[in-house]
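Just so you know, the sequence shown maps onto residues -18 to -1, 1 to 310 in mature numbering (1 follows the signal peptide of the UniProt record, and there is no 0).
Note that CB positions come from ideal geometry on N, CA and C, so glycine has one too.
All of these numbers come straight from a predicted model, not from anything done at the bench.
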Amino acid sequence: MDPKRLLSLNFLLFLSLAFELSCGTGESLLNCPEIPGQLGNSVLLPLASGGISKSMNKSVHVLVTRAESPGNSVKKKIASLDLPEGGSPRYLENGYTFHLENLSLGILESRKENEGWYFMTLEENFSVRHFCLQLKLYEQVSTPEIKVLNLTRGNGNCSLTLACDVEKGDYVVYNWSEELATDPLTPANNSTHLLHLNLGPQNVNNVYVCTVSNPISSRSRTFTPKSQCRLESFESTQWGLYAGLFIGGIVGVILILEVVILLLRRRGKANQYQPTMEAKSLTIYAQVQKSGFAKEQTSNFINTLSASVDIIFWIFYIDLFYLSAEPQ
């Protein structure tokens, strides 16, 4: 055989092999963008970003398939149809709809089995074009709950561990932050849903925020440690100072009244043995009558004052007892 002819045949064989390999691996070499969708809701997949060109031949054949992975050779056929003149949507099986005007695939009620890689092939005369994308479905996250796991109070500080949890949602990312602060907080023990705080009296009014999110949703919840760390708060210290001053004032008043009562009683006894000049000039009957009347008036006044002091003392004692018995 002529060497030149043999060389030509080998070159043609190489070109045909290269063409076959390029056609066979065209879909696997595509860059398939990820499209997030909410589980249970309708999803629209733009299989061809540019839509249909006006100059495109109307005899285009459209083939849509789905695979579990981009390199999987086993593909499930979703749609196989020719491009008509009209642009109304075509309703397919298993809840799919295909919109010819923009080459998009709709899913009425998305389910987990709808996830995967979607491929679309446009066949027009001698040209073939490939498109693909990946559908990832996520469950919407619920509003998180913040719970106190550990709580320790002492030495003017309050230490607690917070846990942020959600009931619904997948692929959840947790983030802790302080309201009105710019830097995020560091989670406890590399567990993103836990946060450990060691607070002083000046920090118990801070507001901490737990934010949960995934690619389709985001929710947050706030927490103020004042309700848990109230015994160590600055307001409690001030309250104790004011209460101490109030109690000290009442005790001082009671002591002064007791001294006054004691002095009045001693004066009353002294008057019995040292009558005044006016009393000596009176008759014996008048002196006895006046002395008895004055003594009775003084005694009544002292008894009334003493009873009032006793009542004040018992009221103060009962109030102090209830204040000390209140749960902190």
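Candidates the options, of which the one nearest residue i by Cα
i, options, result
"Asp64", "Ser55, Phe80, Lys58", "Phe80"
"Asn13", "Cys114, Gln210, Ser141, Ile232", "Cys114"
"Glu50", "Leu177, Thr193, Gly98, Arg201", "Gly98"
"Asn84", "Lys208, Glu75, Leu104", "Leu104"
"Lys58", "Glu75, Val42, His43", "Glu75"
"Val44", "Ser55, Pro15, Ser109", "Ser109"
"Glu91", "Asn107, Leu119, Thr174", "Leu119"
Within 8 Å, strictly: CB atoms of residue i and residue j
i, j, result
"Lys150", "Gln122", "yes"
"Leu27", "Leu87", "yes"
"residue 318", "Ser195", "Residue coverage of the chain in this structure runs from -18 to 310, which leaves residue 318 outside it and unanswerable."
"Tyr78", "Ile60", "yes"
"Leu181", "Leu144", "no"
"Arg201", "Ser124", "yes"
"Cys146", "Tyr156", "yes"
"Met102", "Ala30", "yes"
Span separating the alpha-carbon of residue i from that of residue j
i, j, result
"Val191", "Glu127", "11 Å"
"Tyr100", "Val154", "25 Å"
"Asn187", "Ile243", "50 Å"
"Thr193", "His178", "16 Å"
"Tyr117", "Pro18", "The sequence given here places Leu at residue 117; Tyr does not occur at that position. Spanning the two alpha carbons is a distance of roughly 6 Å."
"Val42", "His112", "13 Å"
"Ser173", "Leu142", "15 Å"
"Arg135", "Cys211", "7 Å"
"Pro166", "Gly226", "41 Å"
"Trp158", "Pro169", "7 Å"
"Glu161", "Val189", "5 Å"
"Leu239", "Gly231", "13 Å"
"Val46", "Asp152", "28 Å"
"Val233", "Leu245", "19 Å"
"residue 315", "Pro207", "Absent from the model: residue 315. The displayed extent of the chain is -18 to 310, so no value can be given."
"Lys129", "Ser55", "49 Å"
"Arg203", "Ser209", "16 Å"
"Ile236", "Phe228", "13 Å"
"Ser199", "Asn107", "44 Å"
"Asn96", "Val148", "25 Å"
"Leu131", "Pro52", "44 Å"
"Pro15", "Leu82", "21 Å"
"Val241", "Arg248", "11 Å"
"residue 312", "Phe205", "The chain is shown from -18 up to 310; residue 312 falls before or after that span and cannot be answered."
Rounded Cβ spacing between residue i and residue j (contact assumed at less than 8 Å)
i, j, result
"Gly138", "Pro183", "6 Å"
Test: residue i CB closer than 8 Å to a CB of chain B
i, result
"Thr193", "Structure shown: chain B not included; a single protein chain is present."
- Task: Pick out the complete alpha helix (DSSP H) segments inside the segment 77 to 118, 4 residues or longer, and give them in chain order.
- Result: none
- If you scan the segment 150 to 235 from start to end, which runs of the beta strand (DSSP E) of 3 or more residues do you find wholly inside it? 155 to 160, 176 to 181, 190 to 196, 199 to 205
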